[in-house]
Amino acid sequence: MAQQSGREIPEMEEPTSPLKILLLSAEVVPFAKTGGLADVAGSLPKAIHTLGHDIRVAMPRYGRIRPEQFNLTRALDTFPVPMDNRTEPAELMQTTLDDNVPVYMIDSVRYFDRDGIYMYPDDAERFIFFCRGVLEAVKRLGWQPDIIHCHDWHTALVPNWLKTIYARDPFFAGAASVYTIHNLAYQGVFGYRVLEIAGIDEYGFVVHPDIVDLNEVVDFMGRGIYFADVINAVSETYAREILTPEFGEKLDPMLRDRSDRLFGVLNGIDLGEFDPATDSYLEANYSLESLDRRLGNKLSLQREAGLRQDPSVPVVGIIARLTDQKGLDLITPIIEALLQHLGAQFVLLGTGEQRYHDFFAGLADRFPDQAGIFLTFNASLARRIYAGSDLFLMPSRFEPCGLGQMIAMRYGSVPVVRAVGGLADTVRDYDPATGEGTGFVFEAYDPMALYTALVRALETYRHQDVWRELQVRCMRQDFSWETSARKYVELYARARAFHAQN
Ligand code: ADP
Numbered sequence: 441m442a443q444q445s446g447r448e449i450p451e452m453e454e455p456t457s458p459l460k461i462l463l464l465s466a467e468v469v470p471f472a473k474t475g476g477l478a479d480v481a482g483s484l485p486k487a488i489h490t491l492g493h494d495i496r497v498a499m500p501r502y503g504r505i506r507p508e509q510f511n512l513t514r515a516l517d518t519f520p521v522p523m524d525n526r527t528e529p530a531e532l533m534q535t536t537l538d539d540n541v542p543v544y545m546i547d548s549v550r551y552f553d554r555d556g557i558y559m560y561p562d563d564a565e566r567f568i569f570f571c572r573g574v575l576e577a578v579k580r581l582g583w584q585p586d587i588i589h590c591h592d593w594h595t596a597l598v599p600n601w602l603k604t605i606y607a608r609d610p611f612f613a614g615a616a617s618v619y620t621i622h623n624l625a626y627q628g629v630f631g632y633r634v635l636e637i638a639g640i641d642e643y644g645f646v647v648h649p650d651i652v653d654l655n656e657v658v659d660f661m662g663r664g665i666y667f668a669d670v671i672n673a674v675s676e677t678y679a680r681e682i683l684t685p686e687f688g689e690k691l692d693p694m695l696r697d698r699s700d701r702l703f704g705v706l707n708g709i710d711l712g713e714f715d716p717a718t719d720s721y722l723e724a725n726y727s728l729e730s731l732d733r734r735l736g737n738k739l740s741l742q743r744e745a746g747l748r749q750d751p752s753v754p755v756v757g758i759i760a761r762l763t764d765q766k767g768l769d770l771i772t773p774i775i776e777a778l779l780q781h782l783g784a785q786f787v788l789l790g791t792g793e794q795r796y797h798d799f800f801a802g803l804a805d806r807f808p809d810q811a812g813i814f815l816t817f818n819a820s821l822a823r824r825i826y827a828g829s830d831l832f833l834m835p836s837r838f839e840p841c842g843l844g845q846m847i848a849m850r851y852g853s854v855p856v857v858r859a860v861g862g863l864a865d866t867v868r869d870y871d872p873a874t875g876e877g878t879g880f881v882f883e884a885y886d887p888m889a890l891y892t893a894l895v896r897a898l899e900t901y902r903h904q905d906v907w908r909e910l911q912v913r914c915m916r917q918d919f920s921w922e923t924s925a926r927k928y929v930e931l932y933a934r935a936r937a938f939h940a941q942n
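Set out below in structure tokens:
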């Protein structure tokens, strides 16, 4: 297993004593969520805690996080956070995840007492304040982390600081950094001014001979990659893909330079939360032992979506942000053929780009009893689509990990996916000759390739005994966090070894 760069993590001795891990994320379930990052930051710490480590989570206290709702208590009196050539006051609040993982929240009226989470003109300054506040807070608490685990661009300056302004601070001397890339497409790119705010202007831009823009912008994601002791992406395939120009979002030359420190660790899903046997949003609960009951969910989904209620008509579901990443431009050319020639029903839940809203709203008008379109965000309806659809579509252009296909499989909806990123790592193509596989996988980014996969899927669906076996195999897949948490602990050991070398 001694491979590198985006493949398996080379084996290392497991840490003998519990590690102290500080995990920083801009969003954490159940406190604030806009995407998969929040799911990871809410679930991974619980799994790492179960392995015996002292992991603590830090995030901003956004205005929408009501102290009384989450039992927030004050952990520190107001303290100053260096920002630019001044200091800003911060408060530190505290609560827990599942009563045992401490969660620190940096509070500031100026930066976080707003309705939303992101998309403010001062986002760079807000997250600099958050991260710097966290480092200052743990110093005041006297809690010295062995590992600082950062996620996505919002927290990417921490590894940069550890190698610059905090490099000679004995408090952080033993702290190794791990930087997790959830989606390389969102890099957090700002101007020179943010270096002054972050107190690292004297070090200037990070330059790279093969990335021309870097000498005139501050790319937070790039800095996380450049300075972290260890980097990982959220699936092994994505960790390999981002080394190429096609997926590297212009940072592939830097990633290639650091490929000995780049690994892939697949996300898990919270099996307690996503369990068709107990999910209270469903019409009928079911499990492998009572799979027949699943039909109740299909019929109720057909009713909820205004489709003809018919157990024999295959229902194809999709739940996604309506952006190019999700492969919607592969769906639009073939969707009418799917409905008219292949006779399927289609249910879509998502929000995003206006052109897709317009397209799918038009589709619903033209095919009212075959296309159920929900252009909204609705977590309970999402569960009913996972439980009521026969097939689940994820034809992504790129997919760092993808949670949808894993949840779909857990709920017995068979995935139709493109072989990229985490989709390639979690779905095996169905082979009628051997009866093996867990879904329908296609390679080319081409509408006909998707259509062909759908034809194969719908042909297989006609043989209900074969289909049942396929569903059972999907539901038996292990997507628990425990496996991934163990890999992260290995990664932490790796980061400490790299840190010790520096
Ligand atoms: P990404 O993080 O790129 O958006 P993932 O597949 O990793 O994609 O995770 C998306 C998660 O958000 C899934 O759990 C999916 O069910 C959920 N989701 C996406 N869009 C919606 C929506 N409109 N309503 C409810 N849940 C949604």
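First residue of the sequence shown? That's 441 in our numbering, and the numbers climb one at a time after it.
Virtual Cβ for every residue (Gly too), placed ideally from N, Cα, C.
Using a Cβ-Cβ cut-off of 6 Å (strictly less than) and excluding sequence neighbours within five positions of residue i, which residues of its own chain qualify?
i, result
"residue 469", "478, 479, 482"
"residue 445", "Annotation note: pLDDT 46 at residue 445 (below 50); position unreliable, coordinate value reported separately. Only 699, 702 meet the Cβ criterion."
"residue 538", "486"
"residue 919", "708, 709, 846"
"residue 737", "722, 723, 724, 827, 828"
"residue 595", "464, 571"
"residue 719", "823"
"residue 623", "840"
"residue 620", "591, 672"
"residue 677", "861, 864, 865"
Would you kindly check if the distance between the Cβ of residue j and the Cβ of residue i is under 8 Å?
i, j, result
"residue 830", "residue 928", "no"
"residue 847", "residue 709", "yes"
"residue 865", "residue 881", "no"
"residue 914", "residue 878", "yes"
"residue 867", "residue 857", "yes"
"residue 747", "residue 812", "yes"
"residue 533", "residue 554", "no"
"residue 530", "residue 634", "no"
"residue 755", "residue 705", "no"
"residue 471", "residue 510", "yes"
"residue 663", "residue 683", "no"
"residue 940", "residue 491", "no"
"residue 731", "residue 894", "no"
"residue 410", "residue 885", "There is no way to answer for residue 410, as the model of the chain reaches only from 441 to 942."
"residue 658", "residue 626", "no"
"residue 602", "residue 612", "yes"
"residue 606", "residue 575", "yes"
"residue 912", "residue 728", "yes"
So residue i packs on residue j, CB below 8 Å; how close in whole Å?
i, j, result
"residue 459", "residue 489", "Contact flag wrong, Cβ pair sits at about 11 Å."
"residue 935", "residue 670", "4 Å"
"residue 814", "residue 821", "6 Å"
"residue 761", "residue 852", "Going by Cβ atoms, the distance from residue 761 to residue 852 rounds to 24 Å, so no, they are not a contact pair."
"residue 785", "residue 749", "Not really, about 10 Å apart at Cβ, beyond 8 Å."
"residue 547", "residue 501", "4 Å"
"residue 855", "residue 674", "With a Cβ gap of about 17 Å, residue 855 and residue 674 do not count as contacting."
"residue 573", "residue 521", "5 Å"
"residue 585", "residue 668", "Actually they do not touch by this definition, with Cβ atoms about 14 Å apart."
"residue 765", "residue 837", "6 Å"
"residue 863", "residue 834", "6 Å"
"residue 559", "residue 499", "Not quite, the Cβ-Cβ distance comes to about 17 Å (not below 8 Å), so this is no contact."
"residue 660", "residue 597", "6 Å"
Name the DSSP beta bridge partners of residue i, please?
i, result
"residue 704", "673"
"residue 499", "545"
"residue 849", "In DSSP, residue 849 forms no bridge with anything."
"residue 876", "871"
"residue 757", "787, 832"
"residue 460", "494"
Skipping 5 residues on each side, what residues in its chain have a beta carbon closer than 8 Å to that of residue i?
i, result
"residue 524", "636, 637, 639"
"residue 891", "774, 777, 778"
"residue 516", "531, 532, 577, 580, 581"
"residue 587", "459, 460, 461, 462, 615, 616, 617, 618, 932, 935, 936"
"residue 791", "761, 762, 797, 815, 816, 817"
"residue 808", "746"
"residue 795", "none"
"residue 938", "616, 669, 670, 701"
"residue 474", "467, 557, 558"
With a threshold of 7 Å on Cβ separation, who are the neighbours of residue i within its own chain once the five nearest residues in sequence on each side are excluded?
i, result
"residue 650", "693"
"residue 922", "487"
"residue 825", "741, 757, 759, 787, 789"
"residue 772", "799"
"residue 793", "762, 763"
Quick one: is the Cβ of residue i within less than 7 Å of any heavy atom of the ligand ZN?
i, result
"residue 724", "Looking at this structure, you won't find the ligand ZN anywhere; what it does contain is the ligand ADP."
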